[in-house]
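K.L.:
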Amino acid sequence: MVESNGSLDLLFAALADTTRREILAQVAEIGRSIGEIAEHYKLTFAAISKHILVLERANLVVKHRRGKEQVVTMVPRTLGIAQAHIARYAQIWGDRFDQLEDVLKEDSSHE
Amino acid sequence: MSKATFTVADDKKTLTAERTFSASQDKVWNALTNPKLLAKWWGPRGWETQITHMEFVNGGYWLYGMKCVDPAQVDWFGKFSWGKGTYQNIRPIVTFGYVDEFCDEHGVVTPGMPASQTTITLKESRGSTSVSSQTSYVSAEALAQVLAMGMEQGFSETWDRLEEFLVV
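Protein chains in written order, with the working numbering: chain A, 33 to 143; chain W, 16 to 183.
Set out below in structure tokens:
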């Protein structure tokens, strides 16, 4: 189900950047051209292209040709993988912290 | 009491969980490093944890077995899961790290199972202590395997969840 070819390393690296997360949010519901995406930023077209390439390598987005333009679209499944991992991590540590809280309370009632 | 926060760091490929407790740093450190206390809160809900070995020094390890005692967890009820954490970078009452691995009840590491590396850091401020846990996987393959194991429940592609995730 999950390809273990190092793509997850790329995935987390791709997500660990505010601009790239914003770009991803922009293309989540509808495909947008690189020009449309770049309008929202003071960055150069080349810098935006580079961010998109990082997202593309992580398989978070795909590019299609639409006439003369390239349209960027999100691959929801890939983000789902990252989301599931984070949810699982949050659950484990959320439960641990709740239980630690109880232990700390118990501990002070003995003093 | 405060709620935990979870973040993906902007500069690192790690996940961080953080929460503040109304207790002194000494007391929190003790709950993290005293096996009797650690066993009470380490395992997931519905699991009982026993710590059969603990040597809290750099290069030493703790060996823990968790038994599922919750009949509602049909696939796991009655089953054991063993883990081994090897300590590193201990700086008393401030920080320590450990490499967490799957193993058998004798502490023999299961080959081919994913290892993760966690750093715990404590910080006291006005009588409260924050605990942060920062985890990274030893390799991309390890992370992929952990993901594959947690994947059976499937994952949602809804916009809500995406937003929840993106706003970190």
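Where a beta carbon is used, it is the ideal one built from N, C-alpha and C, also for glycine.
Please read these numbers as outputs of a predicted model, since none were measured by experiment.
#1: Leaving out five residues before and five after L43/A in sequence, what residues of the same chain have Cβ atoms less than 8 Å from its Cβ?
#2: So, does the segment 38-46 of chain W touch the segment 88-102 of chain W, judging by three or more C-beta pairs under 8 Å?
#3: Comparing the C-beta of V43/W with each C-beta of chain A, is any distance below 8 Å?
#4: Report the residue ranges of all beta strand (DSSP E) runs contained in full by the segment 56-95 of chain W; include only those spanning at least 3 residues, in chain order.
#5: Of the residues R141/W, S96/W, W56/W, V114/W, which one's Cα is nearest the Cα of H121/W?
#6: Check whether the Cβ atoms of L85/A and L56/A lie closer than 8 Å to each other.
#7: Can you check whether the CB of I124/A is closer than 8 Å to the CB of P59/W?
#8: Tell me whether the beta-carbon of L132/A lies closer than 8 Å to the beta-carbon of W56/W.
#9: Assuming T136/W is part of the alpha helix (DSSP H), what are its boundary residues?
#10: Could you tell me whether any Cβ in chain W is nearer than 8 Å to the Cβ of R52/A?
#11: Helix, strand or coil: which one does DSSP assign to H96/A?
#12: Which residues of the segment 104-131 of chain W have a Cβ closer than 7 Å to any Cβ of chain A? Give them in chain order.
#13: May I have the straight-line CA-CA distance separating R71/A from D127/A, to the nearest angstrom?
P.N.:
Checking against the coordinates, here is how it stands:
#1: Indexing the first sequence from 1 puts residue 43/A at position 11. A90, N91, L92, T110, I113, A114.
#2: no
#3: Looking up residue 43/W in the second sequence gives position 28. Closer than 8 Å: yes.
#4: 62-69, 76-83
#5: Looking up residue 121/W in the second sequence gives position 106. The candidate whose alpha carbon is nearest that of H121/W is S96/W.
#6: Sequence index remark: in the first sequence, residue 85/A carries index 53 (1-based). Sequence index remark: in the first sequence, residue 56/A carries index 24 (1-based). For L85/A and L56/A, no; Cβs fall outside 8 Å.
#7: Counting from 1 along the second sequence, the entry for residue 59/W is found at position 44. Counting from 1 along the first sequence, the entry for residue 124/A is found at position 92. Closer than 8 Å, so yes.
#8: Locating residue 132/A in the first sequence gives position 100, where the first residue counts as 1. Locating residue 56/W in the second sequence gives position 41, where the first residue counts as 1. Contact flag set, yes.
#9: As a working mapping, residue 136/W is identified with position 121 in the second sequence. Careful: T136/W lies outside any alpha helix (DSSP H), inside the beta strand (DSSP E) at 131-140.
#10: Indexing the first sequence from 1 puts residue 52/A at position 20. Cβ-Cβ to chain W under 8 Å: no for R52/A.
#11: Sequence index remark: in the first sequence, residue 96/A carries index 64 (1-based). Strand.
#12: none
#13: Taking the first sequence and counting its residues from 1, one reaches residue 71/A at position 39. Taking the first sequence and counting its residues from 1, one reaches residue 127/A at position 95. A small fix is needed here, since residue 71/A is Glu in this sequence, not Arg. Approximately 43 Å, taken between the alpha carbons.
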